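Protein sequence lines, in the order shown, are assigned to chains A and B. 8 is the number of the first residue of the first sequence in my numbering; add one for each residue after it. 5 is the number of the first residue of the second sequence in my numbering; add one for each residue after it.
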Amino acid sequence: MADYKFNPTLKVDDITVTYNNGHTAIHDASFELEAGTICALVGVNGSGKSTLFKSIMGFIKPIKGAVTLSGMAVNAALKLNIVSYVPQAEDVDWNFPVLVEDVVMMGRYGHMNFLRIPNKKDKAMVAEALEKVGMTEFSQRQIGELSGGQKKRVFLARSIAQEGQIILLDEPFTGVDVKTELAIMELLKEMRDEGRLMLVATHNLGSIPDFCDHTVLLNRTVLAAGATADVFTPKNLEKTFGGVLRHFTLGGDDLHDDDDARSLSVITDDERPLVIYGKETKKSKHATSDKDEEA
Amino acid sequence: MEDLLLPFQYDYMNKAIFAATFIGAVCAMLSSYLMLKGWSLIGDALSHSIVPGVAAAYMIGAPYVLGAFFSGLLASAAMGFIKAKSNLREDAIIGLIFTSFFALGLFMVSLSPTSVNVKNIVLGNILGVSDEDIFQMVLIAGISFVVLIFTWKDIMVTFFDENHARTIGINTKFLTILFFTLLSACTIAALQTVGALLVIGLIVTPGATAYLLCDRFGQLMIVSTIIGSVTSFFGAYISFFLDGATGGIIILLQTLVFIIVFFFAPKYGLIAAKRKIKQASELLRNPANGGQ
């Protein structure tokens with residue numbers, strides 16, 4: 008229903024961010040994303056994920072390089088309300104006296120005049136967003152009264168109401184049951200099909216191939232970026248996580264009695280593990296042939 | 005009956021009651037934010053550390069607002085400096101600085117007991133303030149009130165979710181500074197009504213009380229403002245009969261309201277909580293009658 012004036016793109020061009028205390032959180036990081044993308048941002052704690060988010064939101068200015076949103080400088084893009092942010096659950100004060108509806112309405116503030124008085128369209132957009140995430144019946148609840156998954160959906164609804172085109176999600180799956188996780192993924196895919204761009208910081212390695220078409224691996228700099236099928240490999244992940252990741256490999260001999268040489272790798276960051284079952288030797292090198300054509 | 009209306013026959017009483025009510029209302033508005041952010045003690049520190057400035061201003065005959073502002077600034081600079089140069093925790097630094105400043109204030113007062121009345125600064129004396137001071141108070145309260153009317157939603161978003169506020173183009177740094185400027189100004193103004201020792205009450209209790217009654221910030225602010233203004237009104241009014249205990253009466257009235265709400269609030273009160281537990285346990289024992 009909304010006409011999108013801006014083709015959402017994100018370009019991180021060779022940025023280096025150094026804090027006032029002299030700590031360099033990210034250096035020489037570059038990657039580029041197009042409209043209609045869900046991109047996973049993967050890295051250990053302290054790898055610069057939140058610094059990257061803060062640079063994209065204009066909280067901190069890189070000392071070198073630049074972030075460009077839809078071809079504009081960050082501050083210009085923020086004025087147009089195209090960036091929205093879905094916070095990590097632990098960053099929200101759940102005792103704050105606001106109703107579900109109030110939080111979603113905050114997404115409309117950027118579209119209102121300076122007194123922030125909602126008009127009919129704002130109210131309709133809020134109702135629509137709540138409907139979309141299935142939270143209509145909870146609209147009058149204080150936010151602390153919700154379950155983990157419901158809490159996430161409120162903030163997703165807020166970015167839908169905001170009509171954000173570039174959406175940053177910080178750990179959207181922590182504290183969420185499997186059913187809600189799937190529902191959120193479906194929602195994100197839907198939003199991708201509407202042409203939005205989503206950058207998802209997540210430790211949930213196992214679900215990344217299910218819904219993220221792109222992946223950026225981060226460890227103080229961008230180690231690899233591109234299509235998930237190309238980037239999300241055990242080798243790259245090992246490089247990203249170093250020794251932090253739990254990595255189990257069951258060799259072919261442990262798994263089979265026949266001469267099948269495939270091995271089973273389980274890689275986990277203490278959330279849903281990534282399970283890689285080696286390719287059957289009989290088949291072509293890439294088991295997922297449709298992805299092959301894109302590459 | 006005529007006796008009860010007596011205070012309103014005096015011009016000075018009308019002014020004092022009006023000023024106290026107005027500043028009480030604005031402090032209550034600010035308290036809605038302060039208690040949510042866990043910043044209540046910053047208000048306490050602020051009110052104590054402006055005492056030497058007020059004392060100095062009276063000694064040299066300058067406007068007390070100026071003196072208060074200057075010493076408040078000095079105190080925050082000192083806190084910032086110690087924090088940057090040491091690993092001491094914030095509460096220790098706040099405690100250290102504000103007692104030092106308060107002590108300095110008391111010392112200055114004792115040097116020159118004729119020009120400054122320690123009782124007025126520490127305990128407040130709304131019935132005895134000059135017309136200029138009343139004017140300053142009303143001016144501060146008026147400006148703060150208008151600014152809050154225009155910015156209350158933006159400040160709320162900033163304090164609730166700073167990242168989001170930033171992404172919708174709100175200047176969060178500016179609003180935070182604005183908030184603390186209003187807070188300092190109102191603390192200084194309220195010094196005249198309730199005194200340095202009790203200002204903290206005005207900027208914490210109404211908001212804390214309203215928090216137990218409301219689930220929405222806008223409502224909370226309105227309820228808090230009503231509590232703040234009504235208690236300040238009656239505090240100033242009653243002190244006409246009791247002579248000079250305005251601050252104590254206002255804060256006691258606020259405490260009384262808080263206690264009532266604490267027990268009887270419909271959703272978050274102690275009695276409501278007990279009732280809910282009882283209902284839940286009955287439901288467990290006897291699911292047939294209680295089910296939906």
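Note that CB positions come from ideal geometry on N, CA and C, so glycine has one too. In this text, all values refer to a predicted model and were calculated from it rather than measured experimentally.
*Could you work out which residues of chain A lie near Gly211 (chain B), taking near to mean beta carbons separated by less than 8 Å?*
By Cβ distance, chain A contributes nothing, its closest Cβ being about 10 Å from Gly211 (chain B), past 8 Å.
*7 Å Cβ cutoff met for Ala200 (chain B) and Ala20 (chain B)*: no
*Measure from the C-beta of Phe178 (chain B) to each C-beta in chain A and report whether the shortest distance is under 7 Å.*
no
_Three-pair Cβ contact test at 8 Å for the segment 99-110 of chain A versus the segment 159-172 of chain A_ = yes
_Element boundaries [beta strand (DSSP E), containing His168 (chain B)]_ = Here His168 (chain B) belongs to no beta strand (DSSP E); instead the alpha helix (DSSP H) covers Glu166 to Thr171.
_Val161 (chain B): contacting residues in chain A (beta-carbon distance under 8 Å)_ = Met113 and Tyr116
*What's the call for His30 (chain A), buried or exposed, on a 16-neighbour Cβ count within 10 Å?*
exposed
*Cutoff 8 Å; reference Asp95 (chain B); Cβ partners in own chain excluding five residues on either side*: Leu45
_Check whether chain A comes within 7 Å of His52 (chain B), counting only Cβ atoms and requiring the distance to be less than that._
no
*Given that Leu106 (chain A) touches chain B, what residues does it touch there, using C-beta distances under 8 Å?*
Asp219 and Arg220
*Any heavy atom of the ligand FMN closer than 6 Å to the CB of Val99 (chain A)?*
The ligand content of the structure shown is nil, which means the ligand FMN is not present either.
*asked:* Can you find the residues in the same chain that come closer than 6 Å, C-beta to C-beta, to Ala72 (chain B), ignoring five residues on each side of it along the sequence?
replied: Ile54, Gly57, Val58 and Ile192
*Using a Cβ-Cβ cut-off of less than 8 Å, give me the residues of the segment 75-95 of chain A that come near chain B, in sequence order.*
Leu85, Lys86, Asn88, Val90, Ser91, Tyr92 and Pro94
*Assign Lys41 (chain B) to one of three DSSP states: helix, strand, or coil.*
coil
*Segment limits, alpha helix (DSSP H) that includes Ala4 (chain B)*: Not covered by the structure: residue 4 (chain B). The range shown for chain B is 5 to 296.
*Does Arg123 (chain A) have its Cβ less than 7 Å from a Cβ in chain B?*
yes
*Can you check whether the CB of Ala96 (chain A) is closer than 7 Å to the CB of Thr158 (chain A)?*
One detail in the question is off: residue 158 (chain A) reads as Lys in this sequence, not Thr. Yes; because the gap between Cβ atoms is below 7 Å, this pair is in contact.
*Report back the beta-carbon spacing between Asp35 (chain A) and Thr222 (chain A) to the nearest angstrom; my notes put them in contact at under 8 Å.*
In fact, because the Cβ distance is near 19 Å, the residues do not count as touching under 8 Å.
*asked:* Only counting the same chain, and skipping five residues up and downstream in sequence, which positions put a Cβ closer than 7 Å to that of Ser37 (chain A)?
replied: Val19, Asp20, Asp21 and Val229
*Alpha-carbon spacing of Ile253 (chain B) relative to Asp247 (chain B), whole angstroms*: 11 Å
*asked:* Taking CB distances under 7 Å as the criterion, tell me whether Arg170 (chain B) reaches chain A.
replied: yes
*Residues of the segment 144-157 of chain A with Cβ closer than 7 Å to any Cβ of chain B, in chain order*: Gln149
*Nearest-angstrom beta carbon gap, Leu34 (chain B) and Cys218 (chain B) [assumed within contact, 8 Å]*: That pair is no contact at about 16 Å.
*Have a look at Asn167 (chain B) and Met64 (chain A) and give me their C-alpha separation to the nearest angstrom.*
8 Å
*If the cut is a Cβ gap below 8 Å, which residues of chain A does Lys157 (chain B) touch?*
Tyr116, Leu122 and Arg123
*Can you tell me which of the three DSSP states Gly233 (chain A) falls into?*
strand
*Terminal residues of the continuous beta strand (DSSP E) containing Val223 (chain A)?*
His221 to Leu225
*Can you pull the chain A residues whose beta carbon is under 8 Å from the beta carbon of Phe149 (chain B), in chain order?*
Simply none; closest approach about 15 Å.
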